[in-house]
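Engineer: Residue numbers for the sequence shown, in the numbering used here: 632 to 948.
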Amino acid sequence: MEPAAIDIRDLKKRFGRTQALDGLHLQVRRGSVHGFLGPNGAGKSTTIRILLGLVRPDAGAACLLGGDPWRDAVALHRRLAYVPGDVALWRTLTAGQCLDLLAATGPALDRARRAELLERFDLDPTRRAGDLSKGNRQKVALVAAFASDVDVLVLDEPTSGLDPLMEEVFQECVRERARDGATVLLSSHILGEVEALCDEVTIIRHGRDVTSGTLADLRRHTRTTVRATTRDAASGLAAIEGVADLSAGSASDRDGSPRTVGFTVPPADLAEALAVLQRAGLETLVATPPSLDELFLSAYASASDDGPDAAPDGATA
Numbered sequence: 632m633e634p635a636a637i638d639i640r641d642l643k644k645r646f647g648r649t650q651a652l653d654g655l656h657l658q659v660r661r662g663s664v665h666g667f668l669g670p671n672g673a674g675k676s677t678t679i680r681i682l683l684g685l686v687r688p689d690a691g692a693a694c695l696l697g698g699d700p701w702r703d704a705v706a707l708h709r710r711l712a713y714v715p716g717d718v719a720l721w722r723t724l725t726a727g728q729c730l731d732l733l734a735a736t737g738p739a740l741d742r743a744r745r746a747e748l749l750e751r752f753d754l755d756p757t758r759r760a761g762d763l764s765k766g767n768r769q770k771v772a773l774v775a776a777f778a779s780d781v782d783v784l785v786l787d788e789p790t791s792g793l794d795p796l797m798e799e800v801f802q803e804c805v806r807e808r809a810r811d812g813a814t815v816l817l818s819s820h821i822l823g824e825v826e827a828l829c830d831e832v833t834i835i836r837h838g839r840d841v842t843s844g845t846l847a848d849l850r851r852h853t854r855t856t857v858r859a860t861t862r863d864a865a866s867g868l869a870a871i872e873g874v875a876d877l878s879a880g881s882a883s884d885r886d887g888s889p890r891t892v893g894f895t896v897p898p899a900d901l902a903e904a905l906a907v908l909q910r911a912g913l914e915t916l917v918a919t920p921p922s923l924d925e926l927f928l929s930a931y932a933s934a935s936d937d938g939p940d941a942a943p944d945g946a947t948a
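Have a look at this one:
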């Protein structure tokens, strides 16, 4: 099996009395888009700073593209692109000059791809950086990242300040780079963005990984919401151990009218529940798996007693 692009094991880091990372594990497969989730203070930014070679861990191991992020920082920086959530640029330079400088000091930019991205992100390269809005500063960093011929993109709240149209362009670019073989680590508070893009997700709390896997894997441990109409009453549902939140009624008081039923059920009992609905004369069915928002909240609820409150904002920045 090919080694992971990012392989973090039992990573620990303390800032004074604050334990920012407390045994974090994170593996990101090469060529995948991996979501990295957690609230402010959970340890995401500290993890990213360690991967960028800006901070040394106190214990554990971090491996990026087979190298040590601290010892091999110079070589690794030519193979990765980073977009922070708040981009600072050289105020007296134009957007185009900023891109030139980033290309000269980091990974080289593909000139044709850069021109295409400037058009797609509707970014004027002649505008002075000091006059750019937050969203347009983000666009400069995104153009630089997506135009770079790199193996790994580390994106930390990359769409902060972008409008919905530019968010769509961003998602298209991530998918294109992933198809080209690049690995993407995406840290975002926009769960819909993560759900739309990511092959796998890792959720962290108090500097430790709470859960990790594909969305399909994570959904196997949660409940599906079912709404259906049947010709007859689905009386056998109450006897299924996993069925909960059961509600039933009819569309009207007339005999023969469709019966409505709603419930939640774990994946292990879904087939049995559907069989009951079929026997009752199933007419319509809507089955909704849990969203990433629900998976996130479920993971945090299950870990609510695992440790102290999250570190204060800034402790892991």
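Backbone N, C-alpha and C define an ideal beta-carbon position, used for all residues, glycine too.
Remember, predicted model here, so these are calculated numbers, not experimental data.
Do you know how far the Cα of L683 is from the Cα of G737?
Structural biologist: 13 Å
Engineer: Which residues in the same chain as V805 place their Cβ atom closer than 7 Å to its Cβ, once the five residues preceding and following it in sequence are excluded?
Structural biologist: V664, V815 and L828
Engineer: Please state whether the Cβ-Cβ distance between K954 and D689 is less than 9 Å.
Structural biologist: For residue 954 there is no data in the structure shown, the boundaries of the chain being 632 and 948.
Engineer: Starting from A777, trace the beta strand (DSSP E) both ways and give me its first and last residue.
Structural biologist: The sequence as given places Phe at residue 777; Ala does not occur at that position. Premise fails: F777 lies in the alpha helix (DSSP H), K765 to A778, not in any beta strand (DSSP E).
Engineer: When the Cα atoms are used, what is the spatial distance from A865 to A906?
Structural biologist: 10 Å
Engineer: Would you call the CB atoms of R980 and A778 closer than 9 Å?
Structural biologist: Residue 980 falls outside the range modelled here, since the chain spans only 632 to 948, and no answer is possible.
Engineer: Nearest by alpha-carbon distance to P670: which of I821, P898, L846 and L908 is it?
Structural biologist: I821
Engineer: Return the chain-ordered list of same chain residues with a C-beta closer than 6 Å to the C-beta of T790, the five sequence neighbours on each side being excluded.
Structural biologist: E798 and F801
Engineer: Answer with buried or exposed for L796, where buried requires no fewer than 16 other C-beta atoms within 10 angstroms of its C-beta.
Structural biologist: exposed
Engineer: Would you give the residue range spanned by the beta strand (DSSP E) that T725 belongs to?
Structural biologist: First-last for T725: undefined, no H or E at that position.
Engineer: Going by CA-CA distance only, name the one from I871, V857 and R850 that's closest to L926.
Structural biologist: Checked all of I871, V857 and R850; the closest Cα to L926 is R850.
Engineer: Going by the beta-carbon positions, is the gap between D610 and G766 smaller than 9 Å?
Structural biologist: Lying outside 632 to 948, the shown extent of the chain, residue 610 is not represented and no answer is given.
Engineer: Which complete beta strand (DSSP E) runs does the stretch 794 to 834 hold, if anything under 3 residues is left out?
Structural biologist: Entirely contained in the stretch 794 to 834, the beta strand (DSSP E) runs reaching 3 residues are, in chain order, 814 to 818.
Engineer: Roughly how many angstroms separate the alpha carbons of R722 and A739, rounded to a whole number?
Structural biologist: 22 Å
Engineer: Return helix, strand or coil for H837, following the three-state DSSP convention.
Structural biologist: coil
Engineer: For a minimum of 4 consecutive residues, which ranges assigned as the alpha helix (DSSP H) are wholly contained in the stretch 670 to 712?
Structural biologist: Contiguous alpha helix (DSSP H) elements confined to the stretch 670 to 712 occur at 675 to 682 and 704 to 708, taking only those with 4 or more residues.
Engineer: Taking the C-alpha atoms as reference points, what is the distance between E872 and T845?
Structural biologist: 27 Å
Engineer: Give the range of the alpha helix (DSSP H) segment to which D848 is assigned.
Structural biologist: Its alpha helix (DSSP H) spans residues L846 to R850.
Engineer: Beta carbon of R858, beta carbon of L916: below 9 Å?
Structural biologist: yes
Engineer: Drop a sphere of 10 angstroms on the beta-carbon of P634, count the other beta-carbons inside from all chains shown, and report buried for 16 or more, exposed for fewer.
Structural biologist: Exposed.
Engineer: Is the distance from the Cβ of T583 to the Cβ of V892 below 9 Å?
Structural biologist: The structure shown does not extend to residue 583, since the chain spans only 632 to 948, so no value can be given for it.
Engineer: Any idea what DSSP makes of R858, helix, strand or coil?
Structural biologist: strand
Engineer: Mark Q769 as exposed unless 16 or more other C-beta atoms lie within 10 angstroms of its C-beta, in which case mark it buried.
Structural biologist: buried
Engineer: Would F667 pass as a contact of L657 if the rule is Cβ separation under 9 Å?
Structural biologist: A distance below 9 Å separates the beta carbons of F667 and L657.
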